[in-house]
Every structure is written in structure tokens, then in C-alpha cells.
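The block underneath contains the structure these notes are about, expressed in C-alpha cells.
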Amino acid sequence: MMGRAADGAIGRGQSLARTPRALLSLGVLAGLVLAAIGAPLLAPHDPFDPATLDLMNGFTAPMTHNPYTGDLFWLGADDQGRDVFSAILFGLRISLFVGMSAVALAAMLGVSLGLLAGYLGGWVDGLTMRAADVQLTFPAILVAMLIFGVAKGITPVAYRDEMAIWVLILAIGLSDWVPFARVVRGAAMVEASRDYVLAARLSGRSGPAIMLRHILPNVLSPVLVIATIGLAQAIVTEATLSFLGIGAPPTQPSLGTLIRTGQSYLFSGEWWILAFPAATLLALALAVNLLGDWLRDRLNPVLQ
Amino acid sequence: MRAHLIRRVLQSGLVLLVVGFVAFSMFRFVGDPVDNMLGPERTQADIARLRTDLGLDRPIPVQYARYLAQAVQGNLGVSYRLGRPVADILAERAPATLELAAVSGLLALVGGVALGVLTAIRRGGIATGVLMTLSLVGVSLPTFLIGIGLIYVFAICLGWLPSFGRGDTVQIGGWTTGLLTASGRRALILPALTLGLYQMTLIMRLVRSQMLEVLSHDHIRFARARGLPEWRVLFRHALQNALVPVITVAGLQLGSIIAFAIVTETVFQWPGLGLMFINAIRFVDIPVMAAYLMLISAMFVAINLLVDLLYLFIDPRLRPAQQRSGG
Amino acid sequence: MSVGPVLSLRDVSVSVPGRGARGARALAVDRVSVDIAAGEVLGIVGESGAGKSLLASAVTGLLPPRAGLSGGEVWIAGARVDHLPEARLRRLRGRVVGTVFQDPLGALNPLMTIGAQLAETIAVHLPLSRSAARQRAAEALAEVGIPAPADRLGCYPHELSGGMRQRVGIALALCAAPALLIADEPTTALDVSVQAQILALLKRLCRDRGMAVMLITHDMGVIAETADRIAVLYAGRLVETGPVRDVLDTPCHPYTDGLVAAVPRIDGRPGRLAQIPGAMPPPGARPAGCAFHPRCALARDRCRKDPAPEVAAAGGRAACWFPCRSLPARTDP
Amino acid sequence: PLRWARAGDSLTLDPHAKNEGPTHTLAHQIYEPLLIRDASGGLEPALATDWAPSPQDPGVWVFNLRQGVTFQDGAAFDSADVVFSLNRARSGRSDMKELLASVTGLRATGPYQVEIVTEGPNPILPGNLTNIFIMDEDWARANDAVEVQNISAGEVSFAATHANGTGPYSLVSRDPDVKTVLTQNPGYWGRGTFALQVTDIVFTPIQNPATRVAALLTGEVDFIQDVPVQDLNRVAAEPGLELRSAPQNRVIFFGLNMGAPDLQSDDVEGVNPLADARVRQAMNIALNRDAIRQVVMRGQSRPTGVIAPPFVNGWTAELDRVPATDVTRAKALMARAGFEDGFAIRLDCPNDRYVNDEAICQAAVGMLAQIGISVALDAKPKAQHFPLIANGTTDFYLLGWGVPTYDSEYIFNFLIHSRDDMRGSWNATGYSNPDLDAKIEALASETDMDARNAAIAEIWQVVQAETLYLPIHDQVLNWGATAKLGLAANPEDLPRFKYATLN
Amino acid sequence: MLVSVPVFASADGPMTGLVRLTGVTRHFDPSPRGPGRILARPRPAPLTAVADVSLSIPEGTVYGLVGESGSGKSTLGRLVAGLLAPSSGRIEVAGRDPQGANAAAIGIQMIFQDPAASLNPRWRVGDIVTEPVAARGRVPRGLAERLLVQVGLDPADRGKFPRAFSGGQQQRIAIARALSANPRLVICDEPTSALDVSVQAQVLNLISDLRRDLGLTCLFISHDLAVIRHMADRVGVLYQGRLVEEAAAGTLFAAPRHPYTRMLLDAVPRLDGGGGRAGLRAGDIPDAVPAPTGCVFHPRCRVAVARCASERPALRAAACGRVACHLA
Ligand SMILES: Nc1ncnc2c1ncn2[C@@H]1O[C@H](COP(=O)(O)OP(=O)(O)OP(=O)(O)O)[C@@H](O)[C@H]1O
Ligand SMILES: Nc1ncnc2c1ncn2[C@@H]1O[C@H](COP(=O)(O)OP(=O)(O)OP(=O)(O)O)[C@@H](O)[C@H]1O
Ligand SMILES: [Mg+2]
Ligand SMILES: [Mg+2]
């Protein structure tokens, strides 16, 4: 099409303030993140310090006093006598940390590979996309399971516990880079064919400089969308891995680990062990997803 | 054309080889099968003997080469846990998973497309808002939780549907199907729903955004300007174009449906490949794990190939021009 | 068909969302009135964003999602159509008013053969059997000068060259024999040689069928070659209208004058081109008074305050406080 | 039909190919051994009606066989089948051969009498025969099933997929890991003797505990063998469902690597804190077994002070006394051992083997934290856990031990004896006491029961004094069933449906 | 094929060009991307975008290149700018191969068709116009402002993003960027075809002024004959990658020798209504497939004779230029 450069753009879509759903989810997300950051201050107990646990508090219902110890728990206590509220706060911390780091890792990997593939093309592109194919053949949870297994096998036994979280990040991060790479590759190919890139080449810019300074900033908006949705997904994947028994260690539970523990008490009447962490996970993932949705709509000119 | 098809298949074969090798070497870290194969009353000598019997004392590439050599002859080795040829086990388990995957895939596709179209053309409606939010709930909850929740509501509280297994099955040739019996169909509902829900919401959201995009295209405007009825514009012109990119995603999703079956099958005790794989991991049953991964990769590669061909069928722009116009 | 104009627009205004505060709307087409008679080609010229396409879409009520008809009347063949329900309007589209778009590739469904697209359009408007519709489709292709039309029915749009696609677009617009054809920049995407053919085709069809044509373009040359009458749009306002030769030879509005002078001539007039300083303001940012005044060398205080009156000018009308004055010098200030 | 579910499936139908609980449980419905255990662990006649050491030779056991028994295909049962089956169970590929290691010969001394010759007198031989099933020799020969299925080589033999025993139920169909259907054997010899009210059995393995319980609650199955402890109340409260409990012949305990010069997983250099008996004692009394019973096990355990269940010969109430929890004293012991600031260590724990195994470990983490021991918990599937113990690459681990022979010697051989080629294969404590080893080895050929029991008691004294292991509890077994099913739980976790009544 | 000895009958004398192209050809691999590859015929013939072009542009002149869409104008421009490598033939700009880093060193700059696409939307205008300087070292203070003033923009605009400008203003920014490199050669690839006439006049005037003041050499590409007529000193006509005619602007427009050139000129709509005749053979459709042999234009040529279909005409010297036609 030969559309002559039309003056100015049409409306830039709704701003955050005009969409109550997005605003609400931002509020929820901010609240959860703050709660996670402030967990050590907010939590009545330190659920990661086993010395403070009293097993006899196990299964205390919400807002009731334990008949043996007399302790009161807002959201009840779990099978180990751990305060569910505190566990959720700390679990949130781990879930968010794992999710964000995994997404950061995936984004870094995917964006770099996608940028190289899209800008350089040729065999770099071919190789990267074949690697992506291989990666896709192993769906995310399988990759994560394999990496988890390998990492457990090769990390020195003494460091396993500290490693668990990092391994989890690695596993989820490594299994999630493909969407980033694909989108960035596509966008980079489009951008690389744009005239401003040619102009930069004529200005004497080197390849890396063009990739980093010109193309990268222009491919970041879809990355942002994928990253938000990826964050929600990473948090859920972490929970699923925990369900399959290869998540965060039970002594330092993430939301997923809490849910895994809790789901065995679904039929036995101790609903709070499952319900509160699950509700928190739902709220977190929902908020992130809603925000991602809003971002996508906002960044997509078609939907304006 | 034939040459390209062959090249493509060879490429896929290479992918499979790499996948196989990666998988094969990774399994060595999961654990030592010998430990689980011998009972508590075994001796060091027993262990050494078994290790030699199984060829586990050789270097990994040698083991892999041996494995491949046998695999091409249809011999995928023998399960350490069940002591039966892996090929037989796969053949037995595959129908359950494939039926489950097919039904949930169909559910995801039909439901996803229908809801996607609905939410796209009723943009801004209340029902759309509710559906969009619900769809987010669907992707925000882990599958296993949805499965357990469904069991709790529909099996335990309401007692409408069975909570586990495949129900009665019928043997047709080498294929066991649960689709022909009432109890088999009933048993399929909850697992298929659990497995398909996530994919359905993904497809729905994709269809919606594609529809919205296509609806803004010029050819839709032109179709309206020619006075075509609205349903024809929406369903013939817009939907058809919107579905083209959906094919790729749906193909990828079908691959991940099979992988996600691991979780669903665990929850519903669905006697398929995923359950077999989880058991194999617990038992470090390397031949089963390797075969499963190869099978998944093979399916995936096949699906990809199929999607590519489907594209050619659907999108004439990708076909090599038969007759380039000219004068 | 009645004797009056085929299309008559009376003070048609189209509003679009403004740029500033929420809910504010701006007029992208501002009280435009034109008529087109049967067998006549009305050329509409103007810069990008002048409101040409919105005006055209307003005829059949196919405005883009966030634009809306905010005033005026649309009469087609003596009947008022602007307040008709969607279902009635749909019967108008294609049957009474045919439309041709600028981008011939984008306007065709890439996944359907052109034969299928023609057949479905014919089937909607004419009571024909399948095979008869197909037959008619081939005829429609032949009419727009596509050789071996029956063989082309199975082609997909991407298999055709740009010129052929635009012919297919025209065939689609004409297959139900409409009384009015709206052609929105039908040749902008085409090469000059192809453009000449398409324009010749349009002229022939207009003459043969007695069809009214609204030809939209930003190319003065195309108008000069094709149109009977011209309407010049600036910032949503009709600034000048009249018989094409009169307007081009003796433009009355300073904008028309500037436009004509700014076109480089192929027969060589070396030296500097005349230029109109500045750029056309977007809807919502249009100045008070005559919208052209910031770019006009003749502008006085009056132009800045009061909207320009419509006055009779060489064979037509112009909206200007100081019509038909020659400009001081056609170079930059 | 009776629909029966449990976590795992039988691995093969070949009765001698796999020495494993679920495999035997299914086999017990189809096949029969010479004798079986009753609910209290005593021996009960099955295909043998009585047995005794030969009066002439203490190295020979004489078994008199039941008459009038037929196999499910109609063939008659006699001594030749017993000799064939026991020989088969002793053969190289058999997984049961260790149980018959002391047997040197077998002879049929009449159509219904068999003599088993052992290498020297073996008083506990009958106890080893409770899971050695009798097959029909002719059936096996006719179907090429003389050899035991070579399960590790992946062989699938006729006997692995077909079954022909003397038992109360015969095989109708089997889909491994999915479904096994049995129906009553019309020619069963026990007709009239046993209830035999269950006519058909459908067996389904269901791994996921929640799904298993759900299946019971919805009435999709009638009987599940392992009810998760947290769901006991729910099952008990459900109208029409009942719990069947029994103490199980399985003890759960922690192992401590006291033998290594230094530990890999601790934070003290050059010293093994576990080598100090005071540390081990401190850990022992830091554990609150009652709390574990009450909260983690919901009452479904029997805290214990010894790593032998009460069924075992050699167990005494004295040994069993549960050490009182005393954090103060434990801290003092730690201080005296030079670890007043505690130390850090990793605990290896299975998460899919014992009842609430991971939760027990977690609870222990909390309790040990009270005396300054910072425990990092590494929970994993049993397939990855057990190799650590077998290879001795763990410092602190959870283990459960069942005693199929009901005799302490079995425990000593595997858990106490120094690690060598023959014995001590599950002793990952690094404990090695040559004196004690000699005493353990001597048990095998001690024919004087009193002397033998005395030796066992002596060994237990040493074991307890060393605090080699930290015993936690004996598991309690829970079956969930419809109230209609009359079937008591037994310590072997082995439902025998021929006893079951339906009303 | 025989390439006739080129005779450059320009005032600057033969073979003294800032830009010199000798037998430049460029192919593209036309096999479809993506899944279509599977079904593509094994080796589709390579698409020849530019075929055997030889020309020379003397320093300080404007060389206009016209041709229909797809005739290879942009490809030729990119080849000269060193953004593409020729498949065969030689390109020299100021005696050097413009490939790679050389282009910047020689001082080659380009102005593109779509001004919006040629400005990085996430860079501020000040950074955009000084990029060629920044790529080499430090940017002197006030450079951006000076450049903006030079192209008639407000120096205060340097902090804004390109989005805030109209198409004509964006094109001015692009011109400012080209100027900051102190270019010797500016390649203008349809710099005004995305602009309205009134704005086009502004931009064309600006380019003319700068060229005159700075003595720039220019390769000016356009499909609009009137624009070329207005801007160029010498004009080359490209048809399907081949140079079919070349002459001084006045000569070419006054007396076109090649039938294709004549057809183009006839087809141009004129304000006086005297143009717009597509000089094609009756019933013929343009966009012909490339002629396998002979003259590339013969399928569309009104005056073609048998020889045109079999023998490819060489580009030979004709009055004040060169033409590739048997009949010219
Ligand atoms: N859907 C819309 N929403 C908001 N503004 C719009 C919309 N459609 C058009 N406009 C604005 O209305 C004005 C007129 O647009 P229109 O498309 O009629 O111009 P045009 O004269 O056809 O221009 P062109 O020559 O570029 O096609 C422009 O400024 C445009 O930005
Ligand atoms: N990167 C590329 N890959 C493949 N083909 C290309 C590429 N660039 C150009 N072509 C092809 O080369 C031919 C010449 O293209 P070019 O862009 O040079 O034409 P042009 O004369 O500039 O046309 P326009 O007026 O449309 O800009 C066309 O057929 C085009 O499809
Ligand atoms: Mg328009
Ligand atoms: Mg071009």
C-alpha cells in the first residue's frame, strides 16, 4: 500500500486509569508484591525457621485456638503446625522470585537468540530455529523435569538445597525461551528490513550496535506482553512441578509446594491448607494475566 | 518437491536423534535403575552382573547407539519395571492417551474457536467480559488443581461422573477404545475437560485477537461494501482468515496436550502414556522414559509437518504458483 | 431511475474521536454538499487526511468503527438513505452503490479464488443459479478487460498482477450493475501505464452504463484526465468545486491554486516549484475561521476569525473570503 | 464383583519372579503356598496340613500335604508339584531363592509328603515358605514355563501372563497397571471351610492418593488398601464405609552415619558429629514421637524404641520403651559433646514409600532444630532415595523395615552387620563391630532356640546402647472398605478375599 | 552477450564519475519462505533484480532513475550504497567499493521513501540527526540544532520523537541526518512518493537547494517522471532490471528513443488533460513475465518486430545518450 504518511496517530487506546479491571489487577499485584517483600515484617511467624514450629499446632483451624498449645492462627496452621498466613507470605516470595527470575532468564535468552536470528538471518537463524524446534518437542514441564533431574544429579550433594530454587529457575527459564525468541525474531526481521536500520548501517554503525540500540528497543513491547503472561505461566508451572514432586523444597515452600501439600487434605476437612494458598496463587496469576491482557490490547494498534 | 519432502523428513529425523541422545544422557542423572530392580536381598555381585547384562557399564554413546540400532528394528528395549518389551507397553498405553488427547484437543479447538468468535464479535459485551475473565482463571490455576476440583465437585459432591480410570473399554484390533461404551464416555469427560480447558482458553484468546485483527482488514470492508450478509462476512471471510495462524498454535498445543497428559493422567489414574512416564521416572525405567520422549518428539515432529502441509492446503499464498499471471 | 442526481450529499458531517480530552469529537468531514449525476465522474481531490475516504464511506454507511455520521443527508437515486437500518443499507451496497478500494491486494480475500468471490457477490444480489452466477462472473471479468476470463476464475488474488487485481476489484464492484461507483484512490498503488488503463476502463464503463462515479484521488493529473467535475477538499471542508477544466485552469481558492502550482510538470518548467508552507492540520486541531488561513499568503484578520463564505466562482463555487485573487508570488515566503 | 484398589500393581503373574508385596498379594488370591501366616503372625496350614523337623535328622523338614486339592485347570495336586515348585523357586532366575538359600535338597516321600533338606538344621525354614507358591508341574511343562520368567531381561513367559494355582480365585483377564479381573474357583478345596462370599474381584491400581480416596468415597471401588491417614476420618464418617486397621509389620526409623571419619553433608570440618554417641542420644530424645503419632500420623502409628515390630522374635516390651522427649537434656548432651551451637546436616527422605514419610521428616527437622541441629531436608522418590542407602552415600536418612521372616536375624543381617559381600547391605550407618558380626553370623546355625533367643537379646542390648538408629514408630495399616465387606486387616497388608464376607 | 563499449557523452567527459557501475547484476533467491519451501520446485531460477547495468555519475550531478514498480530501482540504489553486494560486476564510489564500512567512510547517505520507517521511532530527533557523527565519535554541541535549522525545522524540536512530526517534516529530519555525515553522494529512493503534492514541493525544493549549496552528487530514484524531470540532470530508464535508455534529462523527455520510455511518457496524466494514454498493444496486460529471449520489452512493445523476440538489443550510444532498442 502506498498510504502517504498520515499525520499523527489515531487514539492511543485506553490508559491504565480508564480501565478499572487493569487498575484493580495492578492494585492486587502491587499488594501481593509488597506483601512478599515485606513478608519478614508482616508475617507473625517465620515459617522457614523449623525451630519455631510446634508440631502440636498441626491442623489448627483458622481463627481457632489450638487445644494443646493455645496458639491462634488467622488462616489456620498446616500439617507441620506452620502458620498458613506466614507460609503464604513467604511462599509468595519464593513463587514471585522463581517466576520473575525464570522469566528474566527466558527473556534474556530468548531475546538475545531471537535478535541474533532475526538480524543476522542465514545459518544463525536456521540453527536457532532448529534449536527452538527441538526445545518445543520437549514441552515445558518435560524440560523442567529433565533439567531438574540432571541438576540434582550433578550438583554436589551438600549444595542441593540451596540449589533447588536456582535449578527451578533454570528449569523453567530454559523451557520458556522459545516464545520470546520467536516473537523477537519475527519483530527483529521486520525491524531489520526497515529503512532506519539501513540508515544506521550507512551511518557506520556496527552490527551489534544496530541490534542493541536500534532494533532491541523496538521489539521490546511484545516482549513485555510475553513476559507478563510468561510470569503467570511460570508461577503455575512451578506449582505443577511441585505437584509432580520436583519443586521448591518443603522446608522452604513456594505457593506451589503449599498447594501440593494442601491438596492431600481436600477430602479430610482441613480445607484451609489448600484453599488459602490456592486463592493467593489464583489472585496472583489472575492479576498478572489481566495486566498482560491489558498491555497486549494497549500495545496492539489493531484493537484500539 | 519430493526431494524437499525427503529433506524435511530427514531434518526431522535429525531432530529426533538429538532429542533421543539428550534424553538418553540426561536419564543417567535421574538415578540408577539397578538399585530398584533388585530386591533388598541382593549382593554387590548381583548388581555387577545385572549392570553387565543391561549394558549399563558401557559409555553412554555406545549404549545410545545400541539402543538406536535396536529401535529401528522396532525393539525399544525392555521395561526395567514391568519386564515387558517397551514397544508393547507403548502400544497398549497409547490408545488411552491418544483418545484423551484427541477428545480434549477437539474440545479445545471447537470450544476455543466458538468462544473466540463470540467474544470477538460481541466485543465489549458483559458476557464477553465474563468469558474473558473466566478464561484467565482457567490459565491461572494449575491443571492438577482443576482436576482435583472437578473430581471433588462432579464425582464426590454431585456423584455424576466417575473419578478415575477409563471405564469399560472395547478392543478393536490392537486398539482399546473407551469411546464405544457409555461408562467409557462418562469416564472421559472430566479428564478431557481438565486437559482441554487450558488449551481451550489459549485458543479462544488467540482466535479472538485474530478475529479482531482480520475484521479490521480491507477485504472485510470490501466484502461489506459488496453487500454480503454479515454472517457470511464473519464466518466465511473473517473466520477463515483468522484461523490460519491458529493452526500453528493449535498444532503446538496438541503437542503440549500430550505432554500435559502427564499431570491429568496422574490425577485421574488414566491408564495412558503419561502415567506410564511418571511411573518410569519414579522407577528410573530408562527404556520406557527414552521411548516415551522419542515418541512425544516423533508425534510433535509429525504434527509440525502436518501443520505445514495443512498451511499449504489452506493458504494458497504459500503454494508455489502454478501459473503466474501475465499477458 | 429518476432524473435527479444519482447521489446527493447535503451538509454531510463525519465526526471522529478527537485527540484531546475524553469523549471530545472532532469533525473530520465538515458540512460537505455535492451531487453526482448519472454518467458523470466527480473527482474529489485533497491532501492525505482531508476527509476524502470518510466522505466516501459515509455514502453507504460503512464508516470505520469509531467514526460516525454526525449530520447531513445522503440521497441516492432520489431516496434518503442515511437513517436506514443496517439491513436496508446492506441491500444498497453492491447493488446500487459499488465500491473500489485503493489497495487491490488487501481488498480481496486472499484465501478465496476470485471466481468464488465474484460468484458469492452475484448470488447475493441477483437471483441466479450457481452455474449462471459463475457464468456471470466470467462475463464480469471479460467486461473489465481480463483475457481468458473463464480460466482466471480459479486464480487466487496473489497470483494476479497489480493491474489485474484492480480489474478484479472493479469487476466485483460492478457485477451487480450499480448506479453509482465509488472509487477511492483506485490507481494510487499502480504504475502509470497501468493507471492509464484503469482510468480508461472507468471512463468507458461510466459512459457505456451511464453510471455515476465518485473518483477519489490526491493526484491532480488523474482528475484532470478523468473527471467531469472536481471537488477540492481541505481539512474536511469543501473549498472549491466546479467543472474540471475551469477549476484547474483558473483556480479560485488559494489552496486549489497552490496545489495546481506545486505539481512538477513533465513538459519541463525548470526552476523552483511553488510550495504551500506548513501542513494540513488534523481534525480537532483545525484553526478557527478559514481552516486554510495559516498556510495562506492572502490571509487577513477576517480569515482568522470567521469561517469562509461560499461564493460562486468560475463555473462552480469556492469557500473563500478573497476568491480568485492571484497570489503575490508562488515561492516560499 | 468386589472392586479393589491399591497404589501399585502386581509386577508379574509368575509367582517366583518378583519378591514384592503387591505382586504377592495378587498371587495369594490365585496360588497358595504350603503355609500362610494368620492375623497374629503365626503359621497356618495351607497346602500343607502339618509340618515338623524329621525325628531322624534335624536337618530335614517333613511336610504333609493336603489331599483332594486340584488346580484351577482341574489337574490334581500332589507332592511332585511341590518339589517342582520349590525347585523352581530355588532356581537361578527366581527372586525367591534367598529365602530358600539353606535348602540343599527336596524329596517327595509319598504322593502327599515332601521332605526338605537344609544345610544343617534350620528352625525358621517354615516361616520362609509363606510366599513360595505352588504351581502345577504338568501345566508348567506343557506351557514352557518351567524356567522362572527372566524379568530383568524383559522376557515375557506364559506364566507371567497366565496363572493356574490351587487358590480360591482364578484369573479372568489382566491389563497390567490398569485392571485385573478374578473369579471364584469352583473347584476350590476350601469350599465350606472359608466364607468365599466374594465371587468376582476387579483389581485396579490407583496411584494418586486423592483419586484413590475419591474412588472409595464415590463408591466406584469397594475396598482400598492404603487409605491416606488424613482421610481416615472422612472415610470413617462416610455412611456405608468402614476402616479396617491393624498394626503393621513395619518399623520406621532414622539412620545415622556414625562410621565415617567426616560427613559430606554437615558443616563441621574434619569431625563427624554423629560419631559421638551423646549426639545420637541427644537426637534420639529430641524427637517427639507422640506428636508425630498424633499430628502427622493422626494416631495411626505406634511409637517405638526399637527397630523391630512386636511380631518379630526377639522383640521385648523393654526394648520397645519409647525414649521420653527431653529437649533440655538433649541440649545438655549436645553441649557435652562439644556441639552447643549445633551443626547442620542433610536428611535424605523418601516421599512416596511410607505413610507420610516426607511429613515425618519435616516434623523431625523442626524437632532437631530445637537442639540446634539445622537439618536440610532432601525428599525424593524412593527410586532415588534407596540407592543412597544401598551405596552408603547418605549421612542421615529415613528408612522403613518390614520383617517377612518375623525374626530378628533378618534385621541384624541387613541393618546391623558390617557391610560386606553377603550382609549389611542396608546398613548405611558405617557401624562395624566384628564381635557383633560373629554373633549375628552364628544365629543362622544355632538350633537351640533358647540359646538363639539369648544371643538375639544380647545383640539387641548392644544395638540399643549404641543408638545406632533412631526408631520412630511402627506403622498402622488402614484399609477402607464398604461396610458390607467383612474382612479384617492383617499385619502383612495382605487381604485374602476367601475369608471375606458380604452382607 | 556483447556489451557495447559505453560512451558517456556527458559534459564531464567519459569515465570520470564519482559513481561507476560496470556490468552490475544482482540476483535474489525467490524460493518461498516458510512451509511453501516443501512444495517449491527444487531450484527455481534466481530472480534477477538488476541485470548488467553500467553507468557513471559525474561528481556534482543528479542522476535520475525511473522505471515501474519492481524494475530494480531500489535494488540498484542499495547496491550503490553498499547495502547489498552485487552478484557480479563492479561498483566504485570515489574509486572504492562501497561495501561494508566503506560506505560511511566515503560519505554515502540515503533518503528513503517512507520517512516514518526511516526514523527509529524510539529515538529522539536530536539523536537521529546526529547518528552518523555519533557512530564515529563525539557529537559536537549544537550540531543537532544547526542541522535542524538547515532543513527548516525548529531547533527546539530536537527533544521530540519522530511520531510528533508530519510526513514532510519527518522527511526533513531524514535529510538532516544525511547532511550530518557531510555526504559526497546522496541516494534518494523515492523521497517524495509518500508525500502530498504540497509537501512534495517543499521537500523537492529543499533537496535542490542543498544540492546546489553543498555541491552534492545525487542518485535520484522515482517512478514519477515529472519529479525526475524536475530534479535530474541525466536520466536512466530501468525496465526489468535493465537500463534501456539513458540520456540528459532535456533530451530524454523531449525526444525519447526507446518505445518503453515513450510509453511511460504517454501514460503520465497531465494537468492539461493531454496525457494518460497507455501506449500498449491492444488487449495486452502489463506486468509481463520476463521475456526469455530477446528484448525484455518486446511482449508489451507496440512496434516490436520479429528480431526483438530473438535477439537482445545492446545498449548502444545514441544522440546524447544510450539506448537499447533495435529500432531506435
Ligand atoms: N476511525 C477513525 N478514528 C479516528 N480518526 C479517523 C478515523 N478515520 C479517519 N480519521 C481521521 O479523519 C481524517 C480524515 O480521514 P480520511 O481517511 O477520510 O482521509 P483521506 O482524505 O481519505 O486521506 P488519505 O488520502 O490518506 O486516504 C484523518 O485526519 C484521519 O486521521
Ligand atoms: N531482498 C529481496 N529478496 C528477494 N527479492 C527481492 C528483494 N529485494 C527486491 N527483490 C525483488 O527484486 C525486484 C526489484 O525490486 P526493487 O525493490 O529494486 O524494485 P523498485 O524498482 O524499487 O520497485 P518499487 O517502485 O516498487 O519500489 C522485485 O521483483 C523484487 O521483488
Ligand atoms: Mg483515503
Ligand atoms: Mg523501490
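Here the protein sequences come in this chain order: F, W, D, U and E.
So for the first sequence, my numbering puts the first residue at 1; every next one is plus one.
So for the second sequence, my numbering puts the first residue at 1001; every next one is plus one.
So for the third sequence, my numbering puts the first residue at 2001; every next one is plus one.
So for the fourth sequence, my numbering puts the first residue at 3001; every next one is plus one.
So for the fifth sequence, my numbering puts the first residue at 4001; every next one is plus one.
Here a beta-carbon is modelled for each residue, glycine too, at the ideal position from N, C-alpha and C.
In this structure, U:Arg3298 is the residue among U:Asp3407, U:Arg3298 and U:Gly3402 with its C-alpha nearest to the C-alpha of F:Gly58. Listed along the chain, the chain W residues whose CB falls inside 8 Å of the CB of D:Gly2106 are His1217, Asp1218 and His1219. Taken from the Cβ of D:Ser2053, at least one heavy atom of ligand 1 lies inside 6 Å. Nearest Cα to U:Thr3405 within the set U:Val3312, U:Leu3377 and U:Val3365: U:Val3312. When secondary structure is reduced to three states using DSSP, U:Leu3485 falls in the strand class.
The continuous alpha helix (DSSP H) containing F:Pro277 extends over residues Trp271 to Leu299. The three-state secondary structure of U:Phe3194, taken from DSSP, is strand. When DSSP states are grouped into helix, strand and coil, W:Gln1073 belongs to the coil group.
Taking a contact to require three or more Cβ pairs closer than 8 Å, the stretch 1163-1178 of chain W and the stretch 3222-3239 of chain U do not qualify as touching. Secondary structure of D:Ala2026 (DSSP, three-state): strand.
Among the residues facing chain D, W:Pro1085 is not included, as its CB has no counterpart in that chain under 7 Å away.
Inclusion of E:Arg4158 and E:Ala4144 in the CB contact set at 7 Å is warranted, their separation being smaller than that value. Separation of the CB atoms of E:Gly4077 and E:Leu4219 is rounded to 6 Å, and the pair is thereby assigned contact status at 8 Å. Distances from the CB of D:Val2016 to the heavy atoms of ligand 1 include at least one below 6 Å.
By the Cβ-count criterion, U:Pro3055 is exposed, with fewer than 16 other Cβ atoms from all chains shown falling within 10 Å of its own Cβ. Taking C-beta separations shorter than 7 Å and ignoring five residues to either side along the sequence, the partners of F:Val111 in its chain run Phe180, Val184 and Val223, following chain order. With a cutoff of 7 Å on beta-carbon distance, U:Gly3240 and U:Ala3483 are scored as near each other.
Here U:Pro3126 is actually not in contact with U:Thr3447; their C-beta atoms are around 14 Å apart, not less than 8 Å. With respect to D:Thr2187, W:Arg1226 sits apart: the two C-beta atoms are not nearer than 7 Å. DSSP, reduced to helix, strand and coil, places W:Cys1157 within a helical segment of the structure shown. One finds Arg2090, Arg2093, Gly2094, Glu2120, Thr2121 and Val2124 in chain D with Cβ atoms closer than 9 Å to the Cβ of W:Leu1228, taken in chain order.
Relative to the non-hydrogen atoms of ligand 1, the Cβ of D:Pro2282 comes within a distance shorter than 6 Å of at least one.
By the Cβ-count criterion, F:Val143 is buried, with 16 or more other Cβ atoms from all chains shown falling within 10 Å of its own Cβ. Taking a contact as a CB-CB distance under 8 Å, the pair W:Ala1298 and W:Leu1016 counts as one, their CB atoms being some 6 Å apart.
Spanning the alpha carbons of D:Ala2299 and D:Val2260 requires a straight line of approximately 19 Å. Counted as a single uninterrupted DSSP element, the stretch harbouring U:Arg3250 is not any alpha helix (DSSP H) but the beta strand (DSSP E) occupying residues Leu3241 to Leu3256.
In terms of beta-carbon proximity, E:Arg4211 stays away from the interface with chain F, with every pair separated by 7 Å or more.
Assignment of F:Gly122 by DSSP, reduced to helix, strand and coil, places it in the helix class.
DSSP assignment within the stretch 72-115 of chain F yields no whole alpha helix (DSSP H) run of 4 residues or more. Less than 7 Å separates the beta-carbon of D:Thr2241 from that of D:Ala2231.
Out of D:Gly2271, D:Ala2235, D:Pro2264 and D:Leu2215, the CA that lies nearest to the CA of D:Val2244 is found in D:Leu2215.
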